[in-house]
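Have a look at the structure below, then the notes.
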Amino acid sequence: MEKDTPPKCNIIFYIRRFDPEHDEAPWVQQFTVQVERGMTILDGLHQIKETQDSSLAWRFSCRMGVCGSCAMLINGKPTLACNTQILEVTNQTITLAPLPNFAIIKDLVPDLEPLFEKHRYIHPYIKRKDLEEMANPTGEYFQTPQELEKYLQFTYCIKCGACIAACPTMATDRDYLGPTALAQAYRYNTDSRDDGFKARKDMVDVSHGVFNCHYAGECSRVCPKGVDPARAIQLMKRNLVLDYLKLKRHKKPAHALKSSERVEQKPKVSAPPFTVKS
Amino acid sequence: MGNVKRYDNRLGITGWLSGGRWGVERYLYFIHRITGVGILLFFMMHIFESSLRVFGPATWNAAMETLEHPLFKVGEIVVFCGFAFHALNGLRLILIELGLAVGKAEEPIYPYRSSLNTQRPLMVVVMIVCSLLIVAGVYDFFLGQ
Amino acid sequence: MRETAYWTWFIIAGIVLFCLVGLHMMIMHLDGLLGIFNPAGTVSLAWKNVLFRNKSLFFTITYIIMLAAALYHGFYGFRTILFELGLRKATQRFITVFFWIVGIGLFVFGAYAALAAKAMKI
Numbered sequence: 032m033e034k035d036t037p038p039k040c041n042i043i044f045y046i047r048r049f050d051p052e053h054d055e056a057p058w059v060q061q062f063t064v065q066v067e068r069g070m071t072i073l074d075g076l077h078q079i080k081e082t083q084d085s086s087l088a089w090r091f092s093c094r095m096g097v098c099g100s101c102a103m104l105i106n107g108k109p110t111l112a113c114n115t116q117i118l119e120v121t122n123q124t125i126t127l128a129p130l131p132n133f134a135i136i137k138d139l140v141p142d143l144e145p146l147f148e149k150h151r152y153i154h155p156y157i158k159r160k161d162l163e164e165m166a167n168p169t170g171e172y173f174q175t176p177q178e179l180e181k182y183l184q185f186t187y188c189i190k191c192g193a194c195i196a197a198c199p200t201m202a203t204d205r206d207y208l209g210p211t212a213l214a215q216a217y218r219y220n221t222d223s224r225d226d227g228f229k230a231r232k233d234m235v236d237v238s239h240g241v242f243n244c245h246y247a248g249e250c251s252r253v254c255p256k257g258v259d260p261a262r263a264i265q266l267m268k269r270n271l272v273l274d275y276l277k278l279k280r281h282k283k284p285a286h287a288l289k290s291s292e293r294v295e296q297k298p299k300v301s302a303p304p305f306t307v308k309s
Numbered sequence: 038m039g040n041v042k043r044y045d046n047r048l049g050i051t052g053w054l055s056g057g058r059w060g061v062e063r064y065l066y067f068i069h070r071i072t073g074v075g076i077l078l079f080f081m082m083h084i085f086e087s088s089l090r091v092f093g094p095a096t097w098n099a100a101m102e103t104l105e106h107p108l109f110k111v112g113e114i115v116v117f118c119g120f121a122f123h124a125l126n127g128l129r130l131i132l133i134e135l136g137l138a139v140g141k142a143e144e145p146i147y148p149y150r151s152s153l154n155t156q157r158p159l160m161v162v163v164m165i166v167c168s169l170l171i172v173a174g175v176y177d178f179f180l181g182q
Numbered sequence: 002m003r004e005t006a007y008w009t010w011f012i013i014a015g016i017v018l019f020c021l022v023g024l025h026m027m028i029m030h031l032d033g034l035l036g037i038f039n040p041a042g043t044v045s046l047a048w049k050n051v052l053f054r055n056k057s058l059f060f061t062i063t064y065i066i067m068l069a070a071a072l073y074h075g076f077y078g079f080r081t082i083l084f085e086l087g088l089r090k091a092t093q094r095f096i097t098v099f100f101w102i103v104g105i106g107l108f109v110f111g112a113y114a115a116l117a118a119k120a121m122k123i
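Chains as they are written, first to last, in our numbering: chain A, 32 to 309; chain Z, 38 to 182; chain V, 2 to 123.
Next comes the structure, spelled out in structure tokens:
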């Protein structure tokens, strides 16, 4: 008895190629891929590389939507190749191109250095004044679930660069900080353990900074992890304006819990006896 | 990362016009820019034209005669419609950019809902009011003809 | 703080403009439908109606406020668009200074016209 095999169909892939050693400008190459239900764009690319053209280059790693390596333009929308099922976006053709607003290294590989540079620029780490405690911790920093909720959404960023590719300001403005850096600046400012609002304020309140976002909303629309950078940026503008109008309440950063202050711990559960006599 | 040649893949100004398949808010952003620049250019001329009133009724009426030309009449309606859109969309943007219409941070659970979903009712209301104003303006225009 | 300051006043000017230019549009362009502040008939541009508003203290003051807000809001917005095209620092400085000068110049011109219209002997 023949096992039920899923039906296959032929999908045409139009892929933008560019080889820095031979080409002056990108060009489009056509491939035909046998696709069955459940195959992702990443699977299609592997099939092309293994059976048709081994020179095709693109980035990938986890193949499950958590590393952010495989972001590319799929049918005009920047998204992850591993997360996108071929038959969900087309039944005839797919157009693949590298992420726009980044320089191309080769084929579908963008140069993400500007993304990381701008991310580093906003000091994406907890900034505090108690350096002794940070170097030699005596306890955890106390944070309630409500305080966590305020910034948790923005911690899911995987730095894939799709938001920067979709942003209209990034299309023309090389110096714009971009949704990734700005959303992460807000994530750290809002973390109750952080005391770096004053420092980051001066980093984002610059020409080509946060006020060059005009809420086109494309970054949030394409984000593969639901981070909603547009929301973070608008909330950060609110903070900056309230701070300018001297209406912002500045909270002290979270304190380290001394062992005497610890909240009531669950009673120790006694382990069952060993089943194997030593 | 070495001296490998890079190809600059920035979209440029066409990225303002055609970066791919977009949501409504992206198009509203573009129209907002166009209407803003248009109103500014109109305003430059308007300052000079309306200051003619200090020269008395004769000069004023002569100027108004000139402005009866159909080109100016059409321009007037275009400016009115542009203003209606820019003002109402601007109101929406003020609410959004002051963090009043984007909602609170919430744990992303697939299918993701973003601030775009939160502000969508506001956007719909704003567009409806804008259309009503444009209808009122065009109707009033023909009333006066 | 400078960009935050510029932007906050840009938003405040926007709110002021929403109210005042909204009123202005209703008086001037919805004159047939609403007929407000047009005591001499529904043609808002008729001399008698223009004279009425010239002489009114309320209109003189609101015209001057509208002028300031519109010039600031318009030029800041236009400057933002131009800056996003990727200009050199020197060009950016020049545009900022140029817009301040032109903006203040136009404000002085328009405010003078509003005050002169109020003081007219006709």
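Beta carbons are placed, not taken as given, at the ideal position from N, Cα and C, and that holds for glycine. Values in this document were obtained by computation on a predicted structure and should not be read as measured data.
Practice item. Given a cut-off of 8 Å, decide if V:His74 and Z:Phe117 are closer than it, judged by their beta-carbon atoms. Key: As a position in the second sequence, residue 117 of chain Z is number 80, starting the count at 1. As a position in the third sequence, residue 74 of chain V is number 73, starting the count at 1. No, the pair does not count as a contact, with Cβ atoms beyond the cut-off.
Review point. Who are the neighbours of V:Ala6 on chain A, taking C-beta pairs under 7 Å?
Key: Counting from one through the third sequence, the residue named residue 6 of chain V turns up at place 5. Per Cβ cutoff of 7 Å: Tyr275.
Review point. Can you list the beta strand (DSSP E) stretches of 3 or more residues lying completely in the region 10-73 of chain V, in chain order?
Key: none
Point to revise | A:Ala102 - containing beta strand (DSSP E), residue span | key: In the first sequence, counting from the first residue as 1, residue 102 of chain A sits at position 71. It spans 102-105 - the beta strand (DSSP E) in which A:Ala102 sits, taken as one unbroken run.
Check your understanding: Are Z:Gly93 and A:Gly248 touching if we call contact CB-CB under 8 Å?
Key -> Walking along the second sequence from the start, residue 93 of chain Z turns up at place 56. Walking along the first sequence from the start, residue 248 of chain A turns up at place 217. Taking 8 Å as the cut-off, the Cβ atoms of Z:Gly93 and A:Gly248 do not count as close.
Check your understanding: Using a C-beta cutoff of 8 Å, does V:Ala70 count as contacting chain Z?
Key -> By 1-based counting over the third sequence, the position of residue 70 of chain V is 69. For V:Ala70, the answer is no, since every Cβ of chain Z falls outside 8 Å of its Cβ.
Practice item. Tell me, please, which residues DSSP counts as bridged to A:Trp58. Key: By 1-based counting over the first sequence, the position of residue 58 of chain A is 27. Its beta-bridge partners are A:Arg48.
Check your understanding: Hey, quick one: how far does the alpha helix (DSSP H) through A:Lys108 stretch, first residue to last?
Key -> As a first step, residue 108 of chain A is located in the first sequence; it is residue number 77 there, counting from the start. Where A:Lys108 is concerned, there is no enclosing alpha helix (DSSP H), although the beta strand (DSSP E) it sits in stretches over 108-111.
Check your understanding: Would A:Lys108 be called buried (16 or more neighbouring beta carbons within 10 Å of its own) or exposed?
Key -> In the first sequence, counting from the first residue as 1, residue 108 of chain A sits at position 77. Burial check for A:Lys108: the Cβ neighbour count within 10 Å reaches 16 or more, so the residue is buried.
**Study point:** Three-state secondary structure (DSSP) of A:Gln65
**Key:** The sequence position of residue 65 of chain A within the first sequence is 34, counting from 1. The answer is strand: DSSP assigns A:Gln65 an E or B state.
Review point. Which bits of chain A does V:Thr81 rub up against, with CB to CB less than 9 Å?
Key: Taking the first residue of the third sequence as 1, we reach residue 81 of chain V at position 80. Those within 9 Å of V:Thr81 in chain A are Phe242, Asn243, His245.
Practice item. Could you tell me which uninterrupted beta strand (DSSP E) segments, each at least 3 residues in length, are contained entirely in the region 108-147 of chain A, listed from first to last along the chain? Key: 108-111, 124-128, 135-137
Check your understanding: Does any CB atom of chain A fall closer than 8 Å to the CB of Z:Ser168?
Key -> Taking the first residue of the second sequence as position 1, residue 168 of chain Z is located at position 131. Not one chain A Cβ lies under 8 Å of Z:Ser168.
**Study point:** Residue interval of the alpha helix (DSSP H) (run including Z:Ile165)
**Key:** As a position in the second sequence, residue 165 of chain Z is number 128, starting the count at 1. Per DSSP, Z:Ile165 belongs to the alpha helix (DSSP H) from 152-180.
Practice item. Look up A:Asn167 in the DSSP assignment and say whether it is helix, strand or coil. Key: Taking the first residue of the first sequence as 1, we reach residue 167 of chain A at position 136. The DSSP-derived three-state label of A:Asn167 is coil.
Check your understanding: What are the boundary residues of the alpha helix (DSSP H) that A:Cys250 is part of?
Key -> Numbered from 1 along the first sequence, position 219 holds the residue referred to as residue 250 of chain A. Taken as a continuous stretch (DSSP letters only), the alpha helix (DSSP H) holding A:Cys250 covers 249-253.
Exercise for review: Give the residues of chain V in contact with Z:Asn98, contact being defined as C-beta atoms less than 8 Å apart.
Suggested key: Numbered from 1 along the second sequence, position 61 holds the residue referred to as residue 98 of chain Z. Here the neighbours are Trp48.
Review point. Hey, does Z:Leu108 have any beta-carbon neighbour from chain V nearer than 8 Å?
Key: Within the second sequence, residue 108 of chain Z is the residue found at index 71, counting from 1. Answer no: the Cβ-Cβ gap between Z:Leu108 and chain V never drops below 8 Å.
**Study point:** Sequence-distant residues of the same chain with beta carbon closer than 6 Å to A:Pro325, five excluded per side
**Key:** The requested residue 325 of chain A does not occur in the structure, where chain A is confined to residues 32 to 309.
**Study point:** Residues near A:Phe49 in its chain [Cβ-Cβ closer than 7 Å; skip 5 each side]
**Key:** Taking the first sequence and counting its residues from 1, the one referred to as residue 49 of chain A is at position 18. Take A:Phe49, set aside five residues on each side of it, and the residues of its chain with a beta-carbon closer than 7 Å to its own are Pro57, Ile135, Lys137, Asp138, in chain order.
Practice item. For A:His71, name the three-state secondary structure that DSSP assigns. Key: Against the first sequence, residue 71 of chain A aligns to sequence position 40. Looking at the sequence itself, residue 71 of chain A is Thr, so the reference to His does not match. In the structure shown, A:Thr71 sits in a strand (DSSP, three-state: E or B).
**Study point:** Length of the line joining the Cα atoms of Z:Ala138 and Z:Ser152
**Key:** As a position in the second sequence, residue 138 of chain Z is number 101, starting the count at 1. As a position in the second sequence, residue 152 of chain Z is number 115, starting the count at 1. Roughly 8 Å between the two C-alpha positions.
Review point. Is it true that the region 13-27 of chain V meets the region 68-87 of chain V, where meeting means three or more beta-carbon pairs spaced less than 8 Å apart?
Key: yes
**Study point:** Closer than 8 Å to chain A by CB, Z:Arg157
**Key:** Translated into positions along the second sequence, residue 157 of chain Z becomes position 120. With 8 Å as the cut-off, Z:Arg157 does not count as an interface residue toward chain A.
Review point. Any Cβ of chain A within less than 8 Å of the Cβ of Z:Arg58?
Key: By one-based count along the second sequence, residue 58 of chain Z stands at place 21. Answer yes: the Cβ-Cβ gap between Z:Arg58 and chain A drops below 8 Å somewhere.
Point to revise | Contacting residues, own chain, Cβ-Cβ under 8 Å from A:Lys297 (five flanking each side not counted) | key: Indexing the first sequence from 1 puts residue 297 of chain A at position 266. Result list for A:Lys297: empty, nothing under 8 Å.
**Study point:** Residues bridged to A:Ala287 [DSSP beta-bridge criterion]
**Key:** Mapped onto the first sequence, residue 287 of chain A falls at position 256. In the DSSP output, where bridge partners are listed per residue, A:Ala287 has A:Tyr172.
Review point. Quick one: what's A:Cys243 bridged to in DSSP?
Key: By 1-based counting over the first sequence, the position of residue 243 of chain A is 212. It is worth fixing the name first, because residue 243 of chain A is Asn in this sequence and not Cys. The partner list for A:Asn243 (beta bridge, DSSP) is empty, contrary to what the question assumes.
Point to revise | Candidates A:Arg159, A:Phe147, A:Arg68, A:Leu111: closest to A:Gly257 by CA position | key: Stepping through the first sequence from its first residue, residue 257 of chain A is reached at position 226. Sorting A:Arg159, A:Phe147, A:Arg68, A:Leu111 by C-alpha distance to the C-alpha of A:Gly257 places A:Leu111 at the top.
Practice item. Note down, in chain order, each residue of its chain lying with its Cβ closer than 8 Å to the Cβ of V:Phe108, except the 5 sequence neighbours on either side. Key: Here residue 108 of chain V corresponds to residue number 107 of the third sequence, with the count starting at 1. Correct list, in chain order: Leu68, Ala69, Leu72.
Review point. For a contact meaning CB atoms closer than 7 Å, what does A:Arg205 contact in chain V?
Key: Here residue 205 of chain A is taken as the residue at index 174 of the first sequence, counted from 1. Those are Gly87, listed as they occur along chain V.
Practice item. List the endpoints of the continuous alpha helix (DSSP H) containing Z:Leu130. Key: Here residue 130 of chain Z refers to the residue found at position 93 when the second sequence is read from its first residue. Per DSSP, Z:Leu130 belongs to the alpha helix (DSSP H) from 107-134.
Check your understanding: Would you say A:Leu271 faces chain V, with C-beta separation under 8 Å as the test?
Key -> For the purposes of this step, residue 271 of chain A is taken as residue 240 along the first sequence, with counting starting at 1. For A:Leu271, the answer is yes, since a Cβ of chain V falls inside 8 Å of its Cβ.
Exercise for review: Note down the Cα distance separating V:Phe110 from Z:Ile84, rounded to an integer number of angstroms.
Suggested key: To locate residue 110 of chain V, count along the third sequence from 1; it is residue 109. To locate residue 84 of chain Z, count along the second sequence from 1; it is residue 47. Straight-line Cα distance between these residues: approximately 9 Å.
Review point. Using 8 Å as the threshold, is the region 63-78 of chain A in touch with the region 149-163 of chain A, meaning 3 or more CB pairs across them?
Key: no
Exercise for review: State the DSSP-derived secondary structure class of A:Cys98, mapped to helix, strand or coil.
Suggested key: Here the question's residue 98 of chain A lines up with position 67 in the first sequence. Coil at A:Cys98, not helix or strand.
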